[in-house]
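These notes are about the structure you will find just below.
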Amino acid sequence: MCKESFGKEIMNILDIIFPRRCPLCDEVIPPDGKICPECIGKAELVKEPVCKRCGKPIGNARKEYCGDCDRKKHFFDSGKAVFVYQGAVQHSLYRFKYANRREYAAFYGKMACIQYARWISRLGIDAIIPVPLHRKRRRERGYNQAELFAKEIGKRTGIPVETKLLYRCINTRPQKELNDQERKKNLKKAFTIAQNIVQLRKVLLVDDIYTTGSTVDAAAECLKVSGIQEVYVLCISIGRGH
């Protein structure tokens, strides 16, 4: 048996033991499927008009920025997101983050590149950097969902993924439990840069969910202080702007 046939046999066996599941509803799908037919259309893609800074859909073509970006300065240069954070996507991301559905990263990465590969190419990104977890939280969870997402984008774009440059040095409280001011305070000095940081000019910072931007802002500030000139952001999902 040739290597290719043997590989296919192994994959067929794995599909029986560990059947593939739809990344939106988690139901079993055929081995050649990516998403179940019932879920097509349930995930709302982010479309124009969007905030020119953070990428939130704002529903008003006459506005340049959402209410959040009108009121505060960001350290990142601009951001994009793949899905609107609601419904099926919200439930999917919960499983991706807390229920060990690591395989969802392939779907998210593919959709991100369908929407934003040209944008990423135009920026001339030197490296992709996932927002890191604190080592204690990563040990408890077993993985960093942002890193899995970053590696899928890197695989499709050919851009290197750097996971040893940015570290989370403080085990912060979950951001979802806090208001805007508490989020900023919670993340103060939460990130640090490795001493042996390579010289990068433009980076793509990736995370799973963008809410107020406090997390990516804190990370972007740390990166810029280290000498990186431009920091762009790409998240799996984002809330609506006003």
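Start counting at 1 in the sequence shown, then tack on 192, and there's your number in this note's numbering.
Virtual Cβ for every residue (Gly too), placed ideally from N, Cα, C.
Beta carbon of residue i nearer than 8 Å to that of residue j
i, j, result
"residue 398", "residue 427", "yes"
"residue 273", "residue 429", "yes"
"residue 282", "residue 236", "no"
"residue 280", "residue 231", "yes"
"residue 246", "residue 260", "yes"
"residue 317", "residue 342", "no"
"residue 310", "residue 335", "no"
"residue 355", "residue 339", "yes"
"residue 502", "residue 402", "Nothing about residue 502 can be reported from this structure: the residues present for the chain run from 193 to 434 only."
Own chain partners of residue i with C-beta closer than 7 Å, once the 5 adjacent residues on each side are dropped
i, result
"residue 242", "248, 249 and 250"
"residue 432", "248, 249 and 276"
N- and C-terminal bounds of the alpha helix (DSSP H) containing residue i
i, result
"residue 246", "Run containing residue 246: none; DSSP gives neither H nor E here."
"residue 284", "279-290"
"residue 257", "Segment: none, residue 257 is in no alpha helix (DSSP H) and carries neither H nor E."
"residue 359", "No alpha helix (DSSP H) contains residue 359, which is instead part of the beta strand (DSSP E) from 358-360."
"residue 335", "No alpha helix (DSSP H) holds residue 335; DSSP gives it neither H nor E."
"residue 429", "Where residue 429 is concerned, there is no enclosing alpha helix (DSSP H), although the beta strand (DSSP E) it sits in stretches over 422-430."
"residue 233", "Residue 233 -> no alpha helix (DSSP H), and no H or E assigned at all."
"residue 267", "Neither: residue 267 is in no alpha helix (DSSP H) and is coded neither H nor E."
"residue 298", "296-315"
Cβ-based neighbour list, residue i, same chain, cut-off 8 Å, excluding 5 preceding and 5 following
i, result
"residue 421", "393 and 394"
"residue 299", "215, 226 and 227"
"residue 382", "360, 361, 362, 364 and 410"
"residue 416", "267 and 423"
Residue i burial status per 10 Å Cβ neighbour count (16 or more: buried)
i, result
"residue 199", "Confidence at residue 199 is low in this model, with a pLDDT of 49, below 50, so the placement of that residue should be treated as unreliable; the coordinate-derived value is given next. Under this definition residue 199 is an exposed residue."
"residue 286", "exposed"
"residue 386", "exposed"
"residue 337", "buried"
"residue 306", "exposed"
"residue 220", "exposed"
"residue 406", "buried"
"residue 240", "exposed"
"residue 256", "exposed"
For residue j and residue i, believed in contact at Cβ under 8 Å, the rounded distance
i, j, result
"residue 359", "residue 324", "6 Å"
"residue 400", "residue 289", "6 Å"
8 Å Cβ cutoff, residue i in contact with chain E
i, result
"residue 405", "Among the chains of the structure shown, chain E does not appear; only one protein chain is present."
Residue interval of the beta strand (DSSP E) (run including residue i)
i, result
"residue 409", "Careful: residue 409 lies outside any beta strand (DSSP E), inside the alpha helix (DSSP H) at 406-417."
"residue 401", "394-402"
"residue 273", "270-276"
"residue 320", "319-322"
Cβ-based neighbour list, residue i, same chain, cut-off 6 Å, excluding 5 preceding and 5 following
i, result
"residue 413", "267"
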